[in-house]
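Numbering (this note's numbering), first residue to last: 2 to 440.
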């Protein structure tokens, strides 16, 4: 399936998740051209949460009121803490229940699954879409069957009404025949000649009336028999259709299986006990992943799962300290240095890695700005991932047009930290506001 038009139409709507653009360029590309109408695919569609709040789903396919599929691209670490907590689990459930309660079929795909197994993700989306179409088709067939039954019922009512009218006419003819017979009887008791004339004419008319009565009685009996057979046939057909639809729907609806989150091997290796100490019990992980709403500083949690058969990634000798989101500020001013210290004074961005763990002043030209939810990433020297990154945890105090600062020299003082990502080791400084960065 061609994705150029989809990217041109949906790129401005994409969120900050690392799996959203690969979903369009890799997963959708693996689907046949006739899988679904591309105009039915949308991104960041609004819906109401369980508590009435505003929410947006990552992607959705809406073919009709009965065929609606929501596609969620999930990450593990939503708030940048490196852990998965109870409130994350509850938020995930609230979002899932809100979508199901509003008639959506939900497909949840992990970031690592989208990056490493796009074909499997495409099969899951297409399978869910086919099942939704089947259920909608069965519902339409059932609606048509019910409509046909209502029409048959109306036909029976009309036939019963016509039968009543015919019976009334038959009763009137019988009464008229009796009256004529009485008149003939009275006339014959007087004049014999007059009685003979009356008898011939009345007998002829009586024979005609009897023939008409016989025809009407045959028509009434035929309508009764036809109505009974028609009603029995329609009831049998509708019962067979309803039984088939219920049976097929029960067999085609798979049971829900609890999704088990996959813990990356890097986290397992980092959690291995030190020799000589007793192994701690593994942490309890919830049965499903949260939906990411913003990128985090600890990007290691968003890394794709290692492929089967790939060589294991060696863990660093000592885990570098992660930036803490508390109110405590880093001590102002760089650490004491010696005259030959490479971290003395202003340190260029490309030499900042030599000062890891120290408080120094880093200088470099602003190469790019990336908005990441409630925080902003400033890339010095070169754009990510080649340059040095400064994270700002809040947008308060940001210039109205921050992109106009690209190319200006940036100077900021803070503690240099590092972590291992998919592009190698990244070095960065975490600041609390724009007041900690000077241009």
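Cβ atoms here follow ideal geometry from the backbone N, Cα and C, with glycine treated the same way.
One thing to note: residue 67 has its Cβ within 9 Å of the Cβ of residue 137.
The Cβ atoms of residue 43 and residue 16 lie no closer than 9 Å to each other. Of the residues 359, 395 and 367, the one whose Cα lies closest to the Cα of residue 418 is 359. Relative to the Cα of residue 116, the nearest Cα in the group 235, 211 and 31 belongs to 31.
The criterion of a C-beta distance shorter than 9 Å is satisfied by residue 393 and residue 433.
In the three-state reduction of the DSSP assignment, residue 392 falls in the strand class, which pools E and B. The continuous stretches of beta strand (DSSP E) do not include residue 435, and DSSP gives it neither H nor E. A straight line joining the alpha-carbon of residue 202 with that of residue 181 spans about 11 Å. DSSP places residue 32 outside both helix and strand once states are collapsed to three, so it counts as coil. Between residue 33 and residue 119, the C-beta spacing is not below 9 Å. Straight through space, the alpha carbons of residue 248 and residue 390 are spaced by roughly 59 Å.
Put simply, the backbone Cα of residue 427 is about 21 Å away from that of residue 407. Residue state for residue 404 is assigned as helix, using DSSP reduced to three classes.
Residue 224 holds the alpha-carbon nearest to the alpha-carbon of residue 159 among 98, 224, 133 and 111. Closest in C-alpha terms to residue 142, from the list 244, 422 and 164, comes 244. By the Cβ neighbour-count rule, residue 53 is exposed, with fewer than 16 other Cβ atoms within 10 Å of its own. DSSP assignment within the segment 73–110 yields the following whole alpha helix (DSSP H) runs of 4 residues or more, N-terminal first: 87–102.
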